[in-house]
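Protein chains: 4
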Amino acid sequence: MQHESFNKLNFALKKLWDRELSRSKFINFIENNQVPKHLYAQYLIETYHYTQHNALNQALVGARMDINNFSYQRFCFHHAEEEVGHQMMALNDINNMGYRFDENELPKALPQTTVLIAYLYWISTQGNPIQRLGYSFWAENCYSYIAPILKKVRTDLDLADKHMTFFVAHAEIDSDHSAEVERMIKKVCLTEQDSRDLSEVMETSLVLTVNMMDAVFEDYQAFRAGHSDRGTLLEARLNG
Amino acid sequence: MQHESFNKLNFALKKLWDRELSRSKFINFIENNQVPKHLYAQYLIETYHYTQHNALNQALVGARMDINNFSYQRFCFHHAEEEVGHQMMALNDINNMGYRFDENELPKALPQTTVLIAYLYWISTQGNPIQRLGYSFWAENCYSYIAPILKKVRTDLDLADKHMTFFVAHAEIDSDHSAEVERMIKKVCLTEQDSRDLSEVMETSLVLTVNMMDAVFEDYQAFRAGHSDRGTLLEARLNG
Amino acid sequence: MQHESFNKLNFALKKLWDRELSRSKFINFIENNQVPKHLYAQYLIETYHYTQHNALNQALVGARMDINNFSYQRFCFHHAEEEVGHQMMALNDINNMGYRFDENELPKALPQTTVLIAYLYWISTQGNPIQRLGYSFWAENCYSYIAPILKKVRTDLDLADKHMTFFVAHAEIDSDHSAEVERMIKKVCLTEQDSRDLSEVMETSLVLTVNMMDAVFEDYQAFRAGHSDRGTLLEARLNG
Amino acid sequence: MQHESFNKLNFALKKLWDRELSRSKFINFIENNQVPKHLYAQYLIETYHYTQHNALNQALVGARMDINNFSYQRFCFHHAEEEVGHQMMALNDINNMGYRFDENELPKALPQTTVLIAYLYWISTQGNPIQRLGYSFWAENCYSYIAPILKKVRTDLDLADKHMTFFVAHAEIDSDHSAEVERMIKKVCLTEQDSRDLSEVMETSLVLTVNMMDAVFEDYQAFRAGHSDRGTLLEARLNG
């Protein structure tokens, strides 16, 4: 991908974030309300769920017989190695906030989280082998966009860095990753079709992630209205 | 796996090599005859075929949802990364001997090579997630066993290091790998069942590899008797 | 699943349809406007795309090693066999309306259709082996719910049965299927967890299907506003 | 495939059976000795193991995205449906001979059986989608070749039809299957490459099956020499 096309991609991403952040009920609620602890905890639980699959579906791209590019293949395995176990940071953050969860006791993923996971496996194993880079592109690079929200969460919940290892560590790790992803996109995204496939995955995976956030918000509202098992479980496990 | 069990495993491997090397028609022929160029070239072609899958099936172990061990998972992806593209060394060695093959022109894998490949995928994706270490255990550690045969090939065909990059490079790389594999076996092979599963894969994958070698020898004999397409193709591509 | 639970499931489905039909922009537009030909054609194109995967992901349920129930396994393969090639009915309906598309010329699936497809593969190959019945349950049984909309489409576009083979044939086929699906649910959906898993898949797959419909509507609006490649292609292929 | 090519295939199969039956130590032993009960029981155990995968890997052929032929796809699912649960006939035959095994208590598959299973999955999911017909071709059609051996087993062990349901039932079922397989081969095996791929799978899968038989014989010899866990288990479960 040439420099100019890459700039276009970056610009499209900026517009996409603007659209998604402004349509998201989860984001809007956080911006305009004192952030409730359970809301953030539930979000971290979903983060735990999809994050545990990221190393796996990243590796599956490299294990495709049609990958046909050694340096991209190495990138996939290298990146997969670095993602191993990152879900534990989300779990630690949950427990550092005062909850008590063992790994196997967490509530199941919300349906919208399952949809995100399903989609990431699908685009990793089917279609254009380069397209998962569209997910990496925004995911490794999201901190500038979500920094204000994270700051609001941190202030409202009075969290220190040690309560936010998932985001703090990723912000650090990902500035390197982000440069590698950019380099790889420029190297393997060569045709118009490649660009379209990558852009579609970038947009769809970001939309599904925001849908997941909004499902967290919906579940929180259901909890407030007295009918969410997840919220009730969170309540029970807080300092319990 | 405890030190004593590991020693047993090593001893079982030694006995296995003795048995397999002495039953192999391919090995016996090489030991007792001037090595024909086509025989070695055909062997390298099969090596090319199964080697191109090794990074892939290694990564698939790490991508299993039942792997349940972060350091083993990292090992799988790390090792997969290092195996990427090694088949090109086999191809280079073939062409350095005077053949002219592009990657896509190589004859298809022999059926016995396909059987080996099929088996390695199966044990990587099914059954005990640690069992593929039984393959790595002998494969990363085979040079002491096959050194005399390689030396005979080298002398007979008057080959330099640059004609044997696959084996020379692997002998070097693999002394590191071998130590990592040993460490990992000691870490994750914990139960009696683990040991049995690992041993079965060690033995079966080595037997299938020797079967592959013997199929190379059989095909060479067929070529000498005037009815092997593979041998005829090799003839045509030599200095052609 | 006992009779009472099954009734609950049926009731939950009715509520779900009410909610989804009333939130759908696609449905609302059709109910309140003269139906444009391209809108229905685009819907059939998406139908073609996901339908071609239904036999495949249905068979993958039967091919799971954890399925553990012969009569359910037979049901999966039997049902898969019956679904083979049904996408061609959608294609025929498109072309019978005056479009000219070969199978390979259809526009790619919309992202929301890909999300639906990805989800159906995921729930077919992961998690509770019985859960895909939650999809079959509503899909084989949807004609009473969508009959008024189909009637509106038929009237507005002046279509005969031969233009609506996908829906007419399925309405017939599916009344049998529906009884088989009901029988199978009663047989294999035994625990509380089974019911929850099946219900989640029922709801999520129906929501994703309506999302797909709404994406068709959105794309039609984009076409009307002058910026949809899909709409432009439809225009070009009409009586062209 | 044209009539003449099909005759060639049949002739090649006849030669293959002759070669394999005469090289097999298992077959030779049965022909020339009073058949020991444990030997036949162990063979049925291995039959149980690979048979339970046949419906699955047959269905996986139909679930391939590159299958591209509706009538072959239907054949795959139809055939898969018919193969469901056939392993239970082998288990019943074992228990009807006086052994007492629950399904989960059977000894693990022998390594050579695992190799056969691995190969059948591989050729079902990779390479030419039509090639698994090479396995069906001999497997659905093997009774004329193995009838003398089965008769010898039946006489020596004084077995009735009810002790040989696996073979008696299959001989009946498979005469139909065999005609369907022939019809399908003639329909989808069209190119020279198709014929080569199908022939390779025919030969390799038959060789691996005979290797499995010979592994049964080897294990029986080990039992007689006092060192086979499998034989000891059989002994314990006989009328036990």
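Each protein sequence line maps, in turn, to chains F, R, A and X. For the first sequence, the residue numbers in the numbering used here are 631 to 870. For the second sequence, the residue numbers in the numbering used here are 631 to 870. For the third sequence, the residue numbers in the numbering used here are 631 to 870. For the fourth sequence, the residue numbers in the numbering used here are 631 to 870. Just so you know, even glycine gets a beta-carbon here, dropped at the ideal spot from N, CA and C.
Quiz item: Between the C-alpha atoms of F:W768 and F:V811, what's the straight-line distance to the nearest angstrom?
Solution: Taking the first residue of the first sequence as 1, we reach residue 768 of chain F at position 138. Taking the first residue of the first sequence as 1, we reach residue 811 of chain F at position 181. Going by the C-alpha atoms only, they are around 10 Å apart.
Quiz item: Going along chain R, which residues have a C-beta under 7 Å from F:F700?
Solution: Within the first sequence, numbered from 1, the residue matching residue 700 of chain F stands at position 70. Those are V714 and G715, listed as they occur along chain R.
Exercise. Determine the closest residue to R:M727 out of R:Y702, R:G715 and R:L787, with distance taken between C-alpha atoms.
Key: Working through the second sequence from its first residue, we reach residue 727 of chain R at position 97. Closest by alpha carbon: R:L787.
Practice problem: Report yes or no: do the stretch 753-761 of chain F and the stretch 690-704 of chain F share at least 3 C-beta pairs separated by less than 8 Å? | Solution: yes
Quiz item: Three-state secondary structure (DSSP) at F:L736?
Solution: Counting from one through the first sequence, the residue named residue 736 of chain F turns up at place 106. Looking at F:L736 - three-state DSSP - the assignment turns out to be coil, as it is neither helix nor strand.
Quiz item: For X:L863, which residues does DSSP report across the bridge?
Solution: Within the fourth sequence, the letter at position 233 stands for residue 863 of chain X. DSSP lists no partner for X:L863.
Exercise. Using a cut-off of 8 Å between C-beta atoms, extract the partners of R:V798 located in chain X.
Key: Position 168 of the second sequence, counting from 1, holds the residue named residue 798 of chain R. Simply none; closest approach about 31 Å.
Quiz item: Where do the N-terminal and C-terminal ends of the alpha helix (DSSP H) with X:A720 fall, by residue?
Solution: In the fourth sequence, counting from the first residue as 1, residue 720 of chain X sits at position 90. That run of the alpha helix (DSSP H) goes Q717 to N726.
Quiz item: Roughly how many angstroms separate the alpha carbons of R:V831 and R:S754, rounded to a whole number?
Solution: For this step, residue 831 of chain R is matched to residue 201 along the second sequence. For this step, residue 754 of chain R is matched to residue 124 along the second sequence. The alpha-carbon atoms of R:V831 and R:S754 are separated by roughly 10 Å.
Quiz item: Assuming A:I724 contacts A:L674 under a Cβ cut-off of 8 Å, what Cβ separation, rounded to an integer in Å, is found between them?
Solution: Here residue 724 of chain A corresponds to residue number 94 of the third sequence, with the count starting at 1. Here residue 674 of chain A corresponds to residue number 44 of the third sequence, with the count starting at 1. About 5 Å; that satisfies the 8 Å criterion.
Exercise. Starting from the C-beta of R:S825, find all residues in its chain whose C-beta is less than 8 Å away, skip the five residues before and the five after it, and write them out in chain order.
Key: Start at 1 with the first residue of the second sequence, and residue 825 of chain R comes out as number 195. Here the set comprises M631, S635, L639 and C819.
Exercise. For X:L838, go through chain R and note every residue whose CB falls closer than 8 Å to its CB, in chain order.
Key: For the purposes of this step, residue 838 of chain X is identified with residue 208 of the fourth sequence, where counting begins at 1. Going along chain R in sequence order, the residues near X:L838 (Cβ under 8 Å) are V745.
Practice problem: Counting only the same chain and skipping the five closest in sequence on each side, list residues whose C-beta sits under 7 Å from that of R:Y680. | Solution: Your numbering for residue 680 of chain R matches position 50 in the second sequence. So the list reads T743, L746 and I747, once near-sequence residues are dropped.
Self-check item: Neighbourhood of F:E650 by C-beta, 7 Å cutoff - its chain only, sequence neighbours within 5 removed
Solution: The residue given as residue 650 of chain F occupies position 20 in the first sequence. Scanning its chain for C-beta atoms nearer than 7 Å, with the 5 sequence neighbours on each side dropped, one finds around F:E650 the residues L836, V837 and V840, in chain order.
Exercise. Take R:A921 and list the residues in its own chain whose beta-carbon comes closer than 7 Å to its own, dropping the five residues that flank it on each side.
Key: Nothing can be reported for residue 921 of chain R, as the shown portion of chain R is limited to 631 through 870.
Self-check item: DSSP three-state assignment for F:L868, whether helix, strand or coil
Solution: Residue numbering aside, residue 868 of chain F sits at position 238 when the first sequence is read from its first letter. Taken through DSSP and simplified to helix, strand or coil, F:L868 comes out as strand.
Self-check item: chain X contact residues for A:R704, given Cβ-Cβ distances below 7 Å
Solution: Within the third sequence, the letter at position 74 stands for residue 704 of chain A. In chain order, E711 and V714 make up the part of chain X whose C-beta sits under 7 Å from the C-beta of A:R704.
Self-check item: Where the alpha helix (DSSP H) through R:A748 begins and ends
Solution: Mapped onto the second sequence, residue 748 of chain R falls at position 118. For R:A748, the enclosing alpha helix (DSSP H) starts and ends at P741 to T755.
Quiz prompt | Contact with chain F by A:W768, beta-carbon distance below 9 Å | solution = Your numbering for residue 768 of chain A matches position 138 in the third sequence. Chain F contact via Cβ: absent.
Practice problem: For R:N771, I'd like the list of residues in its chain whose CB is within less than 6 Å of its CB, leaving aside the five on either flank, ordered along the chain. | Solution: Counted from its first residue, the second sequence places residue 771 of chain R at position 141. Here the set comprises S808.
Practice problem: Measure the Cβ-Cβ separation of A:L828 and X:M695 and say whether it is below 9 Å. | Solution: To locate residue 828 of chain A, count along the third sequence from 1; it is residue 198. To locate residue 695 of chain X, count along the fourth sequence from 1; it is residue 65. No, the pair does not count as a contact, with Cβ atoms beyond the cut-off.
Quiz item: With a Cβ-Cβ cutoff of 9 Å, do X:D844 and X:P737 count as a contact?
Solution: Taking the first residue of the fourth sequence as 1, we reach residue 844 of chain X at position 214. Taking the first residue of the fourth sequence as 1, we reach residue 737 of chain X at position 107. In this structure, X:P737 does not lie closer than 9 Å to X:D844 by Cβ.
Quiz item: Could one say the Cβ of A:N734 lies closer than 9 Å to chain X's Cβ atoms, at least one of them?
Solution: Counting from one through the third sequence, the residue named residue 734 of chain A turns up at place 104. With 9 Å as the cut-off, A:N734 does not count as an interface residue toward chain X.
Quiz item: Quick one: what's F:Y729 bridged to in DSSP?
Solution: Position 99 of the first sequence, counted from the first residue, corresponds to residue 729 of chain F. F:Y729 has F:L868 as its beta-bridge partners, per DSSP.
Quiz prompt | Distance, R:H793 Cα to R:I660 Cα | solution = Position 30 of the second sequence holds residue 660 of chain R. Position 163 of the second sequence holds residue 793 of chain R. Taking the straight line from one Cα to the other gives about 18 Å.
Quiz item: Between the stretch 672-693 of chain A and chain F, which residues of the former have a C-beta closer than 8 Å to a C-beta of the latter?
Solution: none
Quiz item: Mind checking A:Q823: buried by the 16 CB within 10 Å criterion, or exposed?
Solution: As a position in the third sequence, residue 823 of chain A is number 193, starting the count at 1. A:Q823 comes out exposed.
Self-check item: alpha helix (DSSP H) segment containing A:L789, residue limits
Solution: Reading the third sequence from its first residue, position 159 is the one you call residue 789 of chain A. Here A:L789 belongs to no alpha helix (DSSP H), and DSSP marks it neither H nor E.
Quiz item: Using the beta-carbon of each residue, which ones in chain R are nearer than 8 Å to X:P737?
Solution: Counting from 1 along the fourth sequence, the entry for residue 737 of chain X is found at position 107. Those do not exist, as X:P737 stays about 12 Å from chain R at its closest Cβ, beyond 8 Å.
Quiz item: Comparing alpha-carbon positions, which option in F:R730, F:L868, F:L863 and F:V846 lies nearest F:K655?
Solution: By 1-based counting over the first sequence, the position of residue 655 of chain F is 25. Per the Cα distances, F:V846.
Practice problem: Look at X:H708 and A:F707 and say whether their C-beta atoms are less than 9 Å apart. | Solution: If you number the fourth sequence from 1, residue 708 of chain X lands on position 78. If you number the third sequence from 1, residue 707 of chain A lands on position 77. Closer than 9 Å, so yes.
Quiz item: Given that A:W752 touches chain F, what residues does it touch there, using C-beta distances under 8 Å?
Solution: Mapped onto the third sequence, residue 752 of chain A falls at position 122. Those within 8 Å of A:W752 in chain F are T744, I747, A748, Y751 and W752.
Quiz item: What is the rounded straight-line gap between the Cα of R:L740 and the Cα of R:Y850?
Solution: Along the second sequence, one-based indexing puts residue 740 of chain R at 110. Along the second sequence, one-based indexing puts residue 850 of chain R at 220. Spanning the two alpha carbons is a distance of roughly 12 Å.
Quiz item: Taking the alpha helix (DSSP H) that A:R704 falls in, what are its first and last residues?
Solution: For the purposes of this step, residue 704 of chain A is taken as the residue at position 74 of the third sequence. Per DSSP, A:R704 belongs to the alpha helix (DSSP H) from F700 to E713.
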